[in-house]
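For the protein sequence lines, the chains are L and B, in the order given.
So the first sequence is residues 0 to 177, counted in numbering that gives the first Met the number 0.
So the second sequence is residues 0 to 177, counted in numbering that gives the first Met the number 0.
Where is the CB? At the ideal position from N, CA and C, for every residue including glycine.
Given the structure is predicted, the values throughout are model-derived calculations rather than measurements.
There are 2 protein chains.
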Amino acid sequence: MTDPDTLGPRQLGVYFALMESVSMLQHAVEQQLRVEGDISYVQFQLLARLVAANSQLTMTQLADGVVYSRSGLTYQASLLEKAGLLTRASSPDDERATLVGITDAGSTLVGRVLPGHIQVTRRLLFEPLSDGDLKRLEDIMTRVRDHMRALPPRSAGPRRRRAGPAPGVQSGPRDHEP
Amino acid sequence: MTDPDTLGPRQLGVYFALMESVSMLQHAVEQQLRVEGDISYVQFQLLARLVAANSQLTMTQLADGVVYSRSGLTYQASLLEKAGLLTRASSPDDERATLVGITDAGSTLVGRVLPGHIQVTRRLLFEPLSDGDLKRLEDIMTRVRDHMRALPPRSAGPRRRRAGPAPGVQSGPRDHEP
DNA sequence: TATTGTTATACTCTATAACTATA
DNA sequence: TATAGTTATAGAGTATAACAATA
Numbered sequence: 000m001t002d003p004d005t006l007g008p009r010q011l012g013v014y015f016a017l018m019e020s021v022s023m024l025q026h027a028v029e030q031q032l033r034v035e036g037d038i039s040y041v042q043f044q045l046l047a048r049l050v051a052a053n054s055q056l057t058m059t060q061l062a063d064g065v066v067y068s069r070s071g072l073t074y075q076a077s078l079l080e081k082a083g084l085l086t087r088a089s090s091p092d093d094e095r096a097t098l099v100g101i102t103d104a105g106s107t108l109v110g111r112v113l114p115g116h117i118q119v120t121r122r123l124l125f126e127p128l129s130d131g132d133l134k135r136l137e138d139i140m141t142r143v144r145d146h147m148r149a150l151p152p153r154s155a156g157p158r159r160r161r162a163g164p165a166p167g168v169q170s171g172p173r174d175h176e177p
Numbered sequence: 000m001t002d003p004d005t006l007g008p009r010q011l012g013v014y015f016a017l018m019e020s021v022s023m024l025q026h027a028v029e030q031q032l033r034v035e036g037d038i039s040y041v042q043f044q045l046l047a048r049l050v051a052a053n054s055q056l057t058m059t060q061l062a063d064g065v066v067y068s069r070s071g072l073t074y075q076a077s078l079l080e081k082a083g084l085l086t087r088a089s090s091p092d093d094e095r096a097t098l099v100g101i102t103d104a105g106s107t108l109v110g111r112v113l114p115g116h117i118q119v120t121r122r123l124l125f126e127p128l129s130d131g132d133l134k135r136l137e138d139i140m141t142r143v144r145d146h147m148r149a150l151p152p153r154s155a156g157p158r159r160r161r162a163g164p165a166p167g168v169q170s171g172p173r174d175h176e177p
């Protein structure tokens, strides 16, 4: 029972509705942030996290859940630093660590962009939901998130490259594999 | 009442839980598709849609909901065509239109990749949900999706560029503005 | 030796604008 | 004139690997 290779029609419906809804929401939110603050959603998340923390964070702390590679964060942080929205300084406690703090300009930007951000989520996501829906959705999605956070980070073996039939779907020749 | 610039704590919780959950789910799914089929999620969606349609689709039909620019679809379609996963031919009915069809290799790839895809969503998303949760979530997210689909496509004025205080957060000089 | 973060590099993907061809 | 699609181009973003410095 419950074939692991199959989803019931209800599960399929949930999966597609969820992915499509969030895709549209992400797209709308990205646009709003770009128009009103000239930042991406990732950049907004980083700044918002610093505002919420109300203190400096290390790069590792800042990355958690927002970005999936160290270099990705360094890239974004250096852009935001260049734009004067945050500061970086090496930690006195641990000279390896970098402490990231938000600047006044950074806080101001978050404050300027947040109302529009909220309006978009309200209009797209919350408008059709009753208080009961909201309560149920909170219960469910909180549970899902905590479940996902707790999962082991999917396999440890080598990735990429696989002996499948298809020749691979990439643009160029792509034959370097260092 | 209900200040449009504010979200209640429950709404904030829903918003964050939803965005973070789907972000993790997307990441996991992208990895699985890359490892098992060497395709991206967008590419998977395009192929899956062709399988589901069980007939040829025009580029416009195929794009709907998956991709937000015409050229983006042309790009992906040309990759998939090059990889032998789909075909393109101009429509006899309307010579402007391109009919896209899936190849045997394309169908095979979807079939090969789908079980793992389902296992990932099952493990990450559905594992912690009861039948009741599932029913409620379907009801809610279907409503949200239909609501979003029905919304007018957010403003028509010119976009990008804005006279905000921040100097903008980009990498290079970026001073060409055609 | 393990951990924190940065850099170099390569590549994927997306979007805008200009263009072609058909309706 | 409007619509379907492609092409050229630019640049944003991401990930891997090699690296440096500190614990």
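Between leucine 46(L) and glycine 131(L), the CB-CB gap reaches or exceeds 8 Å. At a cut-off of 8 Å, the C-beta of isoleucine 101(L) has no neighbouring C-beta in chain B. Here valine 34(L) carries a helix assignment [DSSP, helix/strand/coil]. Taking 8 Å as the threshold, the shortest C-beta distance from glutamine 60(L) to chain B does not fall below it.
Glutamine 42(L) has a beta carbon lying within less than 8 Å of a beta carbon in chain B. Taken in chain order, the whole alpha helix (DSSP H) runs of length 4 or more contained in the region 91-153 of chain B are 103-120, 130-149.
Residue-level contact by beta carbon holds for valine 21(B) and chain L, with a gap shorter than 8 Å.
Taking all protein chains in view, the Cβ of leucine 124(L) is crowded by 16 or more other Cβ atoms within 10 Å, so the residue is classified as buried. Residue burial is scored here from C-beta neighbours: alanine 88(L) has fewer than 16 other C-beta atoms within 10 angstroms and is therefore classed as exposed. Put simply, of Glu19(B), Met140(B), Glu80(B) the residue whose alpha carbon is nearest the alpha carbon of glutamine 169(L) is Glu80(B). Excluding sequence positions up to five before and after methionine 23(B), its CB lies within less than 8 Å of the CB of Leu123, all in the same chain and listed in chain order. Counting along the chain, serine 89(B) sits inside no alpha helix (DSSP H); it lies in the beta strand (DSSP E) bounded by residues 85-89.
With a beta-carbon spacing of about 6 Å, threonine 57(L) and threonine 97(L) fall inside the 8 Å limit used to define contacts.
A distance below 7 Å between beta-carbons, with the five flanking residues on each side excluded, links leucine 72(L) to the following residues of its chain, in chain order: Met58, Leu61, Ala62, Val66.
Per DSSP, the continuous alpha helix (DSSP H) segment holding glutamine 42(B) begins and ends at 40-52. Inter-residue distance for leucine 136(L) and histidine 116(L) is about 20 Å (C-alpha atoms, whole angstroms). In the three-state DSSP reduction, leucine 72(L) falls in the helix class (H, G or I). Per DSSP, leucine 6(L) lies in no alpha helix (DSSP H) and is assigned neither H nor E. Annotation: the continuous alpha helix (DSSP H) that includes glutamine 60(B) extends over 58-62. Scanning its chain for C-beta atoms nearer than 8 Å, with the 5 sequence neighbours on each side dropped, one finds around threonine 102(L) the residues Gly83, Leu84, Leu85, Thr86, in chain order. The three-state reading of DSSP puts glutamine 25(L) in helix, counting H, G and I together. Taking all protein chains in view, the Cβ of aspartate 37(L) is crowded by 16 or more other Cβ atoms within 10 Å, so the residue is classified as buried. With respect to chain L, the C-beta atom of aspartate 132(B) has a partner C-beta closer than 8 Å. Three or more beta-carbon pairs separated by less than 8 Å link the region 144-152 of chain L to the region 12-27 of chain B, which places the two stretches in contact.
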